[in-house]
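Trainee:
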Amino acid sequence: MKPMIKPILPLTVLAALLSACSMAPTYQRPAAPVAAAFPADSAAGRW
């Protein structure tokens with residue numbers, strides 16, 4: 257009987273190499289609606 261290590265080793269290496277490849281598009285974060293600056297009088301008088 258032949259040892260099973262010889263056919264398994266190349267398949268394992270091939271699976272490891274193929275799993276590192278990503279065909280997914282690069283993620284781009286959508287722009288969030290954020291104000292350029294806080295209103296100056298928002299903190300005055302509330303504390």
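Here the sequence shown is numbered in the numbering used here, starting from 257 and rising by one per residue.
Note that CB positions come from ideal geometry on N, CA and C, so glycine has one too.
1. What number of angstroms, rounded off, separates the C-alpha of Gln284 from the C-alpha of Ala292?
2. Assign Pro263 to one of three DSSP states: helix, strand, or coil.
3. Does DSSP classify Thr268 as helix, strand or coil?
Mentor: Based on what the coordinates show:
1. Position 28 of the sequence shown, counted from the start, is the residue given in the question as residue 284. Position 36 of the sequence shown, counted from the start, is the residue given in the question as residue 292. Looking at the two C-alpha atoms, the distance is approximately 21 Å.
2. One-based indexing of the sequence shown puts residue 263 at position 7. If DSSP states are grouped into helix, strand and coil, Pro263 belongs with the helices.
3. Position 12 of the sequence shown, counted from the first residue, corresponds to residue 268. Helix.
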